[in-house]
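Comments concern the structure below.
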Amino acid sequence: MLIGSYVGLFVVRADGDQGEVQRLMYVHVPAAWTAFLAFFFVFIGSVLYLVQRDPRADRFAAASAEVGIVFIALTLATGMLWGKPTWGVWWTWDPRLTSTALLLAVFVGYLAIRGFADDPDSRARWSAIVGILGFLQVPIVYLSVVWWRTLHQPPSSPRSVSSEILWTWMLNFVAFLLMFAYLVAQRVRLAHAESELEALEAYDV
């Protein structure tokens, strides 16, 4: 990640139209990709739990949601930092921004459900339902710039950006993926320990 940040800040040339603020995109875009992938894993883990009732799937989904929230919040924060000099405001109710904020709110709600539910089975079941429904917001976020008139630029393709920008995006995306994998693994391990502690406490009672 340090290498990717260095390349984005000091090696790649600044954009001719947007100037130095465009460098935020080397964090903004990979963070968004990573968040979308995280919520896809929430979807997979949630479906597996509802089908198999395997607590490991529930723990994986919950860990992916927690880390995904961090990355989608980073996406919003860098987008606001980019929007101020570009649009003149920190926030506007643009379809892309609004749908992304709603995506964040849905998964914050996902964690709230997990925090309020005392029974492990009902906690896993209800959060799995919210996780599946929440993932349906991801394609809405992605396609919002296609479906509605928006200030946000349309989706970029490999042909629409320079190879220099594309490779910097990919470098940071790989770095974010590695960070995501590490954080999810640590959170799953902690959740497993927490579930064992809950089982011991229930046994003692």
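All letters in the sequence shown, in the order written, are residues 570 to 774 by the working numbering. For glycine and all other residues, C-beta sits at the position ideal for the given N, C-alpha and C.
Boundaries of the alpha helix (DSSP H) harbouring residue 607: 594–621, taken from the DSSP string.
Taking C-beta separations shorter than 6 Å and ignoring five residues to either side along the sequence, the partners of residue 634 in its chain run 611, 676, 679, following chain order.
Taking the Cα of residue 642 as reference, the smallest distance to any Cα among 744, 595, 743, 672 is reached at 672. Around the beta carbon of residue 691, fewer than 16 other beta carbons lie within 10 angstroms, which makes this residue exposed. In the structure shown, residue 761 falls within a helical segment according to DSSP collapsed to helix, strand and coil.
With respect to the 8 Å criterion, residue 655 and residue 590 are classified as neighbours on the basis of their beta carbons. Distance from the CA atom of residue 636 to the CA atom of residue 604, rounded to whole angstroms, is 8 Å.
The alpha-carbon of residue 602 is positioned some 26 Å away from that of residue 657. Closest option to residue 701, judged by alpha-carbon separation, among 714, 720, 764, 609: 609. In this structure, the CA atom of residue 632 is about 33 Å from the CA atom of residue 720.
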